[in-house]
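Structure representation (structure tokens):
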């Protein structure tokens, strides 16, 4: 699978016609069609028994995808013109048609996420030569090409606000957290992104803090360094400094980092989402949660890399 740098693309790039700012409200029809082409080149179309042949190997996997979507969407058919008799349904076409016509971006992204999962399952069980990494790579490239602010990472769709920050902070954090020892922290960090994608900013702040604290606790447990199980993030940071997770000759610098971390991750959460709001409906601004998510990612990368560097 490859993305071809055709003449018209190069000309658009030269004219500066590719947008630099991500949008999150819709998937362009061209992008949807390109994604369907990816599915067609990988898991492919299925065919039922009534064609005179036995059903295709991929059919039960596409049927599973189709049935999951119908159940979760609360419907018996994905499309009005789908046949009633399952023997005659071509599931690939049904899924593709639904995906192409669905205007709700969250539902459309759910189809993409599920199709990657089903393709992985099909590849593993049927020992096909589909390169799932290449599939995900092309999918993410297509998102970027259309300036759609989503990427497929760690088995789910996450929102991306800056390609540079995503590449330099969020993606490395997810890769490091994929180590089974950090499973709890990974789940919390992904939950923070999920909350953010759905606009639940206060919950995103809470899970940022949990992921940050969990990463430190995992390292402290791994090193048998003493700390209180109910210690706040500030105390956990102090413990990391005391045990030279941060080198002594950088103490002053990282004392400043410690102050920055306690103010940029825990404090917004404590002040804005961790306590009762009283009579005032305090709204967590989007730019604040973007900053805290990126700061959390950068801090997790630093902590894990610092731990790996210790002998």
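Numbering (this note's numbering), first residue to last: 189 to 499. Cβ coordinates follow ideal geometry from the N, Cα and C atoms, glycine included. Keep in mind the model is a prediction, meaning the values are calculated, not measured.
Give every residue of the same chain whose Cβ lies closer than 6 Å to the Cβ of residue 299, excluding the five residues on either side of it in the sequence, and list them in chain order. 287
Given this structure, state the Cα-to-Cα distance separating residue 474 from residue 255, to the nearest angstrom. 36 Å
Is residue 418 buried or exposed, if buried means 16 or more other CB atoms sit within 10 Å of its CB? exposed
From residue 484 to residue 196, what distance separates their C-alpha atoms? 40 Å
Classify residue 385 as helix, strand or coil using the three-state DSSP reduction. helix
With contact counted as at least three CB pairs below 8 Å, one residue from each stretch, are the region 338-345 and the region 260-274 in contact? no
Among 325, 289, 332, which one has its Cα closest to the Cα of residue 217? 289
Which residues in the same chain as residue 222 place their Cβ atom closer than 8 Å to its Cβ, once the five residues preceding and following it in sequence are excluded? 330
Return yes when the Cβ of residue 481 is within less than 8 Å of the Cβ of residue 373, no when it is not. no
Could you pull out every residue in the same chain whose Cβ sits closer than 7 Å to the Cβ of residue 251, ignoring the five residues on either side in sequence? 279
Run through the DSSP bridge pairs and tell me what residue 339 is partnered with. 346
Under 8 Å Cβ to Cβ from residue 293, same chain only, skipping five residues before and after it: list those, please. 212, 213, 214, 215
For residue 137, count neighbouring Cβ atoms within 10 angstroms of its own Cβ and tell me buried if that reaches 16, exposed if not. The structure shown does not extend to residue 137, since the chain spans only 189 to 499, so no value can be given for it.
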